[in-house]
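For reference, the structure is listed below as structure tokens.
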Amino acid sequence: MCLSVRGAINDLQRRRSRKSTEYRDDTGRALYREEAIDALMDELAKGREVIPMHKGCGNPCKNSCQCKGFDYKDGGGCPGHPIDEKESTHVNP
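Read in the working numbering, the sequence shown has 171 at position 15, and its numbers run on one by one without any break.
Okay, structure coming up:
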């Protein structure tokens with residue numbers, strides 16, 4: 157799962173509230189609108205078009221030994237993870 161950095165910036169720019177956002181820093185503190193925009197602009201400056209939305213993601217991904225890594229630049233995000241037969245037959249209630 158990934159977040160479009162440009163899309164998130166556009167969304168935040170439409171808001172005019174001084175309330176904290178759903179975005180958090182590394183310590184878990186909720187960021188204000190301006191802080192979130194600054195953090196996302198930093199991601200764009202690094203050449204990242206998308207960023208992980210799940211704390212378990214990384215580069216290389218920690219969730220799968222077969223993962224090729226998260227694609228920040230081309231917007232591909234997570235390439236997915238192989239699942240075993242047991243998982244694929246699981247049905248949510």
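Quick reminder that beta carbons are idealized off the backbone N, C-alpha and C, glycines included.
Where residue i sits in the DSSP three-state scheme
{"i": "R180", "result": "strand"}
{"i": "G233", "result": "strand"}
{"i": "M197", "result": "helix"}
Distance between residue j and residue i (C-alpha atoms, nearest Å)
{"i": "I193", "j": "M157", "result": "20 Å"}
{"i": "D198", "j": "R185", "result": "18 Å"}
{"i": "V206", "j": "S173", "result": "24 Å"}
{"i": "P235", "j": "K229", "result": "13 Å"}
{"i": "F226", "j": "R162", "result": "17 Å"}
Assigned exposure category for residue i - 16 Cβ within 10 Å defines buried
{"i": "G233", "result": "buried"}
{"i": "L200", "result": "exposed"}
Reference residue i, options the options, closest by Cα
{"i": "K175", "options": "E190, T183 and D198", "result": "E190"}
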